[in-house]
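Scroll down for the structure; my scribbles are underneath it.
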Amino acid sequence: MNISGSDKRWLTVIVLALHVLYLTAFLFLIQSISSLSTLLSLLLIFSCALLYGKWAGFLSGLVVAAFQTGYILYSTGPIPVPSGLAGRLDLLNCALLPLIGLLAGITAEKFSIRNRKLADHVRSLDETNATLVRHLDRYDEAFQDLSLEKVYSRSWDSWTEKDPFGEQIAGVLLSVALIKPPAEKPSRSMTSVHVPEGTAAGVNLSMLMFAMRPDILAILELDGRIVCCNPLLTAILGIDGNDQTGKEISGLLPADDAARVRRNIAGTLKSELDSHERYDIMSADNGFDRILICPQVSLECAGSPIMLIARIADTTLRFAEYGSEGAAEVKSGLSGLASCDLCCIDPDGTITYITNRIAKKISETPESMLHQKLGKFVSKQMAREYRNFISGLSTGACVSADIEMRPCEGRRTIFHLDAYPATGRSGRLLGATILLADVTDVNMIEETLQHRLSMEKLISGISARFISMGVEDLVNEIRQVLQRICEVEDVEEASVEIYQSSRIRNHAKY
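Spelled out as structure tokens, the structure:
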């Protein structure tokens, strides 16, 4: 049995007192071996054996047996042996008491060892449980600290504080990163998008978001005011995205749709936002008759704190309206378009959007090319071809051309342009989206082959003319041939030198 120290001391006192009490009662009251005395002595011995073990039981039985035997021998006087002991079973009973105490103690110890092991195991489990509880308490405190302090990125707060909407856009970014657009997958992951350094945090985050979800036109406050716009989509739609910041989204819609979108936005906080409602986007010509992307938007909720997303309602591209199938890389819709090399121009040919890769090919930056005429960067030799290309946009059909750009650092750059103009209800040109492909190498190979063919034709013609020509006309003919070579080679001067030989008498140079 597992007994504490103070309890064990009290039990020892009680057991000793019971022994004294029993021996006193036997001396003055019982005075003989009887059933009562035997029962009391056994109870006393068993209690010692159970509490203190086999040797305590043996000692208790020995004391009781010795006392009772001594009293019996003293009270009856000397007893002849063996006749006096033969009839005295009382003495045999007394002699068995130490043995009974020893056996009772052995039995008690056998069972108490198992109990002690179980008790030790239980105590060990209790200690382990207490340790786990303490660890859980510490983990709870640590997790609470993590939720209050953003230790996963200590520079995050300072980064988002650079822009008043940085934290809100960050919440939307984390949400849209986990939401697959209805008709397509995100074109690129968060880690594969390059954002120029030195821009505000909100701009960085918004560019990440637009790269992952190219169908998002704008991020809105809960009252419908625009926080930031997708520069590519606004350029295609002919909207100045920077000018729209802080204005209501309803300002981009016709009157009927503006009223509907206000009612829909009002139900956002009541979880009544209808994400299936579509709203037409206005243009300078009362809407769109033809445009590459769907000119309709719908609304979604995202972020923590919650914000609104205005997204293009249909992510497929409308190449069929132009009688074109479109390049393979843009077959996937808006995500494919966002990864292409392209630029957008207004009706006057002013650049409203251009990708970084195209700008780099002509040693420019998107910032230096924005709000500049596209023709400014075209080679002067291609002025007529570029004018024909721009004038063809007014027809509303897809226009294609190979245009050489202005030479830079001794390099030639030739782009194949596929333009998809946006037209209004009355057919007015509103702008164009131009897909560009670098065909410099292909065109230069074609030019080289064409030049070689022209030279071969020229040489063949010269040979035929010289064979049938008289000597008196040879000098004039040589000068005409040199002039022709200058025209073909696009050089200012050409010369030929004739050396003496067995057939040529005089050295000459023309």
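FYI, in this note's numbering the residues of the sequence shown are 304 to 813. Think of the CB as a built atom: it goes at the ideal place given N, C-alpha and C, for glycine as much as any other residue.
Notebook entry, point to check: Which partner residues does GLN599 have in the DSSP bridge list?
Noted result: ASP583
Note to self: Tell me whether the segment 716 to 725 and the segment 681 to 701 touch, counting them as touching only if at least three CB pairs, one residue from each stretch, are closer than 8 Å.
What the structure shows: These segments touch.
Return helix, strand or coil for LYS453, following the three-state DSSP convention.
-> Below a pLDDT of 50, predicted positions are generally treated as unreliable, and LYS453, at 45, falls in that range; the measurement from the model is reported next regardless. If DSSP states are grouped into helix, strand and coil, LYS453 belongs with coil.
In three-state terms, what does DSSP make of LEU738?
strand
What's the gap between the Cα of CYS531 and the Cα of SER574? 23 Å
| request: Report back the beta-carbon spacing between LEU620 and LEU595 to the nearest angstrom; my notes put them in contact at under 8 Å. | output: 6 Å
Give the DSSP-derived three-state secondary structure of LEU321 in the structure shown.
Helix at LEU321.
Check: In the structure shown, what three-state DSSP assignment does PRO710 receive?
Finding: Under the three-state reduction of DSSP output, PRO710 falls in the coil class, being neither helix nor strand.
Taking the DSSP output, what are the residues bridged to TYR689?
Its beta-bridge partners do not exist; DSSP assigns none.
Exercise for the section: Give me the Cα-Cα distance between THR726 and ALA616, rounded to the nearest whole angstrom. Expected result: 20 Å
> Cα separation between SER642 and LEU508?
Replying inline: 18 Å
Query raised in the report: Does the Cβ of GLY713 have 16 or more other Cβ atoms within 10 Å, making it buried, or fewer, making it exposed?
Result: exposed
(request) Excluding the 5 residues preceding and the 5 following MET685 in the sequence, name in chain order all residues of the same chain whose CB lies nearer than 6 Å to its CB. (result) ILE706, GLU707
May I have the straight-line CA-CA distance separating ASN567 from LEU640, to the nearest angstrom? 30 Å
Taking the straight line between their C-alpha atoms, what separation do you get for SER671 and VAL600?
31 Å
Whose CA, out of SER697, ARG687, THR655, ALA613, lies closest to the CA of LEU677?
THR655
Tell me which same chain residues have a C-beta within less than 6 Å of the C-beta of GLY544, skipping the five on either side of it? CYS532, PRO534, THR537
- C-beta atoms of VAL367 and LEU347 nearer than 8 Å: yes
Which two residues bound the contiguous beta strand (DSSP E) that contains ALA613? 610 to 615
- prompt: Which residue's Cα is closest to the Cα of HIS674: LYS663, PRO650, SER694?
  reply: PRO650
Fill in: First through last residue of the alpha helix (DSSP H) which encompasses GLY636
Unbroken run through GLY636: none, as it is neither H nor E.
### Query
Nearest to GLY527 by alpha carbon, out of ALA422, LEU511, THR571, ASP443?
THR571
* Can you tell me the Cα-Cα spacing of LEU314 and HIS322, whole angstroms? -> 12 Å
* Mapping DSSP to helix, strand and coil, what is ARG426? -> Helix.
Next on the checklist: Looking only at its chain, what residues have a beta carbon closer than 6 Å to the beta carbon of LEU525, apart from the 5 residues adjacent to it on each side?
Outcome noted: THR571
*Can you give me the start and stop residues for the alpha helix (DSSP H) that GLY544 sits inside?*
That run of the alpha helix (DSSP H) goes 544 to 547.
### Message
On the DSSP letters alone, give me the boundaries of the alpha helix (DSSP H) that ARG566 sits inside.
### Response
That run of the alpha helix (DSSP H) goes 558 to 569.
Tell me which residues share the same chain as PHE680 and place their Cβ nearer than 8 Å to its Cβ, disregarding the 5 neighbours each side in the sequence.
ILE665, GLU667, MET672, MET708, ARG709
What are the partner residues of SER703, as DSSP defines its beta bridges? ASP721
Tell me the DSSP bridge mates of GLU667? The partner list for GLU667 (beta bridge, DSSP) is empty, contrary to what the question assumes.
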